[in-house]
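Following: one structure in structure tokens, then a few remarks.
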Amino acid sequence: MTIPAIALNRFGLGARADEPVPVDPRAWLLSQLERFEPRPAAIAALPDAMAMTLQYRQNLQQLRQQGVIGQRRPGGSAAPRGPEAQAMAQQQQQQRRQAFRQAYGGQVRARVAVALTSPAPFGERLVHFWANHFAISTDKLATATMAGPLEFEAVRPRITGKFADLLLAVTRHPGMLFYLDQAQSIGPGSQLGEAARRRRTPRQPGLNENLAREILELHTLGAGNYTQADVGGLARALTGWSVGGFVRRPLGLDAPAGQFIFQPAWHEPGSVTVAGKRYTQDGEAQARAILADLALHPLTALRLAGKLAQHFVADVPPPALIDRMAAAYLASGGELLALYRTLVNAPEAWAQPLAKFKTPWDWTLSAVRALGWRDLPDARLALMLNELGQPVWRPGSPAGWPDDAARWAAADALVRRVEAANRLSALAGGLDARSLAPRLLPGTLSAATAAAIARAESPAQGLALLLVAPEFLRR
Amino acid sequence: MITRRTLITRGALIGGLALHPRLALAAANTERRLVFIILRGAMDGLAAIPPRDTARLRQLRGALVDVQEQFGAPPMLTSDFAAHPALKNFAGMFAAGEASVVHAAASPYRERSHFDAQNILETAGNAAYALKDGWLNRLLPLLPPAPPPIALAATVPALLQGAAPATSFAPSRLPDASEALKARVAALYEGDTMLHRLWSEAMATEAMASAAMAGAADGPGNPPALAATAAKLLAGPAGPRIAVLDIGGWDTHAGQAQRLANQLRQLDNVFAALKTGLGLAWSDTLVIAATEFGRTVAANGTGGTDHGTASAVLLAGGRVAGGKVHGDWPGLSRLFEDRDLMPTTSLNAVFAGAAAGLFGLDPELVTRTAFGAAPAAAMGGLVRA
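In order, the protein sequence lines correspond to chains V and W.
This note's numbering applies: residue 31 is where the first sequence begins, and numbers increase by one.
This note's numbering applies: residue 2 is where the second sequence begins, and numbers increase by one.
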């Protein structure tokens with residue numbers, strides 16, 4: 031494979047016919063990280079996590095008033111009954127759905143628009159990579175419109191800094207605190223825990239270990255590299271990390287809705303041990319210290335290097351490359367740029383042609399870029415991604431989308447891509463796939479594909495064949 | 002963008018591929034078939050399978066109990082339990098010894114989030130996201146060799162995700178690609194080993210599935226039509242032996258009487274479609290329909306019920322030791338957290354017992370392998386030997 035094609039397709043979002051082919055591909059990639067815009071206009075115009083938290087809180091209030099969720103309080107007024115209440119409930123449900131579609135749809139459109147026009151496609155790929163590393167899924171009420179803000183606010187500004195800063199920002203973001211149930215995790219020995227035990231309240235507040243477990247397993251050390259005792263320790267240290275605007279319990283501090291807040295009265299006192307190290311700090315500083323150490327742990331370095339190499343180079347990346355990336359990361363004191371530089375400069379990254387099968391997201395973006403579009407008038411692309419099996423920000427689990435061909439190169443999924451290519455090429459009248467193909471796939475276009483395109487019965491069919499050609503499905 | 006597809010034509014054009022050699026080679030070494038139906042959104046087990054003595058239920062649910070009677074007299078299953086009037090086919094199977102119920106069953110989960118509860122139902126973990134693979138996937142290495150299980154869904158659900166291969170199939174909402182384009186794509190992939198294999202498989206599955214969907218009245222994507230497709234795939238000698246169906250829409254917070262009747266009628270049609278489509282293979286089949294948790298015993302203010310705890314598991318198929326309502330009925334005088342049907346049977350015990358019985362496996366081995374994180378002694382007597 032020629033090096034420009036690798037830079038455009040493997041490390042970028044796919045070639046555009048209206049953009050020049052890079053002369054020095056490695057320099058082109060690394061210089062993008064200086065041009066990368068953390069807050070482009072399409073994203074800056076969107077409602078932020080605080081606005082989305084207010085919307086979520088309003089939804090919760092409606093559902094509680096209708097008696098749909100929550101405990102019935104002794105002496106509390108019963109939920110309104112009868113046909114009027116039912117009609118009102120239905121109307122409110124419709125409004126909630128519409129508000130969701132508007133918010134989520136706007137976020138998806140902004141993500142797509144930025145990916146289609148960004149001057150730094152490698153930077154955008156890194157955003158998508160880290161958003162998936164710290165995946166939250168929109169199929170939970172609390173996070174239905176929160177994955178966009180998490181990516182835009184916590185990830186985008188930190189893709190070239192220290193991993194420790196990225197980890198901390200994501201962990202403190204309301205999207206993550208809600209998604210993994212951290213916002214209501216309360217230490218049994220905390221002031222609030224003790225008070226609840228004395229009063230024998232029917233539902234005793236308790237520790238929630240979800241976020242702690244996923245930080246260790248997914249975000250830092252990796253599966254098999256931690257113990258249940260580590261999970262318990264980190265979970266206790268994280269008690270009190272919460273989101274403002276939801277304090278209905280006594281002993282809680284108020285804060286603006288959607289803003290991170292540390293609740294001292296919820297925090298489990300005492301020291302904890304995580305990954306062999308004892309932490310004696312008080313309050314918020316305890317979990318902060320643990321996160322900072324986890325970010326610089328050699329096993330974290332190996333995990334980040336391995337995931338990046340798998341994402342960009344091969345499903346089973348060369349171990350020597352992973353070792354070099356991890357070593358560079360640790361030597362730099364946890365700089366993400368050290369990982370990227372080692373990766374881009376590695377001969378292994380440029381050796382094996384077309385080793386990666388594109389995910390539905392990567393394939394769809396590269397197809398739309400290939401057709402020369404700079405925006406999409408409606409939500410068509412989001413619907414298409416649902417059909418292709420990768421709805422935006424909805425991986426269904428904190429593990430995020432898998433990154434290997436085994437997950438994406440499936441029989442049914444291949445038919446969907448042919449159908450989507452058929453649809454896209456029908457909308458892109460006037461393009462000649464015969465001249466487009468060599469510009470999009472410089473040096474990788476096979477004679478067989480070129481011949482199949484040339485023999486197509488119509489320009490649209492030629493375009494469809496280009497978009498599903500073996501060398502276009504891979505990068 | 003939703004278009005009706007020209008299924009019959011397509012089936013005829015590419016039908017020859019159904020005899021693709023790879024699929025023929027992968028013929029299953031077992032005749033036993035398992036269909037697992039995930040009922041997403043929390044099915045109200047008390048409305049689906051109500052106790053005969055409704056006095057207490059009426060006291061807590063009020064009019065909601067009566068409203069249901071507008072759909073007809075509930076058929077009695079046993080001296081103690083009836084079925085919802087919409088479950089006509091199921092009640093018929095029950096009477097014929099081809100269906101049973103496990104009542105008051107729940108997963109180990111005791112909170113009220115659909116999202117987390119479904120994850121636990123599917124992974125059999127002791128906490129949401131504690132396990133990354135589904136219990137049915139972990140079970141696969143214990144079973145006789147067979148083509149990979151198929152989920153009739155857009156993606157493979159957590160239940161089937163894991164180390165062992167699994168596939169999914171769902172009718173697409175994208176406009177169909179023309180036969181002309183497909184033929185050219187087939188030619189384009191001839192030189193690419195992986196894409197050629199996948200494309201051939203896809204065309205073979207489509208041919209098999211489209212034949213089953215051709216008769217579907219309400220479009221190919223509705224659950225009974227998907228069930229017919231699943232049955233067709235399972236019935237074939239070279240087809241998979243395990244299928245998973247996903248039916249949503251059970252979260253009846255408002256207007257439950259009508260909505261639940263529609264849902265149950267649909268589920269009832271799914272049972273019927275499976276029986277019809279499987280033909281002779283029905284006698285070797287076990288169908289399990291389970292939900293993530295039940296619903297409150299009392300009605301709420303909007304003619305519905307809220308998130309509860311225990312619900313009912315419905316079993317059907319020729320392999321079922323039918324005509325019984327299993328489990329330890331807790332009654333309605335003492336409720337879990339003063340609001341829900343008390344859970345007395347672990348879902349994991351039901352699944353382990355059913356799978357071990359169906360495939361002739363050691364129940365302890367099944368529990369250890371697939372349900373080790375939240376083990377419960379496998380329930381016996383669910384399946385006929």
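Beta carbons are placed, not taken as given, at the ideal position from N, Cα and C, and that holds for glycine.
In this text the structure is predicted, and so the values were computed from the model without any measurement.
Straight-line Cα distance separating residue j from residue i
i	j	result
Glu449(V)	Ala456(V)	11 Å
Met380(W)	Ala353(W)	7 Å
Asp219(W)	Thr206(W)	Interpretation of Asp219(W) is limited by its pLDDT of 48, a score under 50 that renders its predicted location unreliable; the figure taken from the coordinates is listed afterwards. So the alpha carbons of these two residues sit roughly 21 Å apart.
Gln122(V)	Gln92(V)	8 Å
Phe66(V)	Ala174(V)	27 Å
Pro335(W)	Ala299(W)	Note that residue 335(W) is Arg in the sequence shown here, rather than Pro. Going from the Cα of Arg335(W) to the Cα of Ala299(W) covers about 13 Å.
Ile352(V)	Ala335(V)	5 Å
Ala311(W)	Val103(W)	11 Å
Arg23(W)	Pro241(W)	Below a pLDDT of 50, predicted positions are generally treated as unreliable, and Arg23(W), at 35, falls in that range; no measurement from the model is reported.
Ser220(V)	Gly270(V)	9 Å
Ala79(V)	Gly282(V)	21 Å
Glu123(W)	Pro349(V)	34 Å
Leu38(V)	Leu153(W)	37 Å
Arg102(V)	Gln96(V)	The pLDDT assigned to Arg102(V) is 49, lower than 50, so where the model puts this residue is not dependable; a value taken from the coordinates is nonetheless given after this. Going from the Cα of Arg102(V) to the Cα of Gln96(V) covers about 11 Å.
Contact belief for residue i with residue j at Cβ below 8 Å, rounded distance in angstroms
i	j	result
Gly328(W)	Ala105(W)	5 Å
Arg437(V)	Val498(V)	The pair is not a contact, with the Cβ atoms about 18 Å apart (cut-off 8 Å).
Ser101(W)	Gly323(W)	5 Å
Gln355(V)	Ala339(V)	According to the sequence shown, residue 355(V) is Met rather than Gln. With 8 Å as the limit, Met355(V) and Ala339(V) qualify as a contact, their Cβ atoms being about 6 Å apart.
Arg46(V)	Arg399(V)	5 Å
Leu35(W)	Leu196(W)	Wrong, their Cβ atoms sit about 31 Å apart, outside the cutoff.
Arg69(V)	Arg186(V)	7 Å
Ala379(V)	Leu373(V)	6 Å
Gly419(V)	Asp169(V)	Gly419(V) to Asp169(V), Cβ: 15 Å. No contact.
8 Å Cβ cutoff met for residue i and residue j
i	j	result
Leu78(W)	Ala356(W)	no
Glu487(V)	Ala181(W)	yes
Glu298(V)	Gly363(V)	no
Gln162(W)	Glu293(W)	no
Lys302(W)	Arg111(V)	It is Gly, not Lys, that sits at residue 302(W) in the sequence shown. Yes, Cβ-Cβ distance for Gly302(W) and Arg111(V) is below 8 Å.
Ile291(V)	Gly263(V)	no
Val144(V)	Ile73(V)	yes
Leu333(W)	Leu58(W)	yes
Leu495(V)	Leu189(W)	yes
Ala325(V)	Thr250(V)	yes
Leu237(V)	Asp260(V)	no
Gly44(V)	Leu366(V)	no
Asp252(W)	His115(W)	yes
Ile289(W)	Phe37(W)	yes
Phe41(V)	Phe342(V)	yes
Phe387(V)	Ala435(V)	yes
Cross-chain neighbours of residue i in chain W, by beta carbon under 8 Å
i	result
Thr479(V)	Leu189
Gln122(V)	Going along chain W, no residue has its Cβ under 8 Å from Gln122(V), so there is no contact; the nearest lies around 10 Å.
Pro299(V)	What Pro299(V) touches in chain W: nothing, since even the nearest Cβ is about 24 Å away.
For residue i, the nearest candidate out of the options (CA to CA)
i	options	result
Gly126(W)	Pro364(W), Leu383(W), Asn349(W) and Ala379(W)	Asn349(W)
Ala313(W)	Val326(W), Thr206(W), Gly302(W) and Asn301(W)	Val326(W)
Glu202(W)	Ala467(V), Pro468(V), Glu64(V) and Ala440(V)	Ala440(V)
Glu224(V)	Gln124(V), Ala295(V) and Leu496(V)	Ala295(V)
Gly358(W)	Ile289(W), Gly382(W) and Arg198(W)	Gly382(W)
Ala273(W)	Gly42(W), Leu316(W) and Ile243(W)	Leu316(W)
Ser215(V)	Leu268(V), Thr190(V) and Ala331(V)	Leu268(V)
Val157(W)	Ala167(W), Leu143(W) and Met204(W)	Ala167(W)
Leu171(V)	Asp211(V), Leu415(V) and Pro34(V)	Asp211(V)
Glu112(W)	Thr297(W), Pro331(W), Arg369(W) and Leu199(W)	Thr297(W)
Ser108(W)	Ala92(W), Leu132(W) and Ala128(W)	Ala128(W)
Ala412(V)	Ser347(W), Arg174(W), Lys183(W) and Phe91(W)	Arg174(W)
Chain-ordered neighbours of residue i on chain W, where CB pairs are closer than 9 Å
i	result
Pro500(V)	Leu189, Tyr190, Gly192, Asp193, Met195 and Leu196
Leu495(V)	Leu182, Arg185, Val186 and Leu189
Chain-ordered neighbours of residue i on chain V, where CB pairs are closer than 7 Å
i	result
Ala181(W)	Glu487
Gly256(W)	Gln116
Within chain V, the residues that residue i reaches when beta carbons sit closer than 8 Å
i	result
Glu202(W)	Ala441
Leu199(W)	Ala439, Ala440, Ala441 and Leu444
Thr206(W)	Ala441 and Asp442
Residue i Cβ short of 7 Å to the ligand NAD heavy atom set
i	result
Val103(W)	Ligands in the displayed structure: none, and consequently the ligand NAD is not present.
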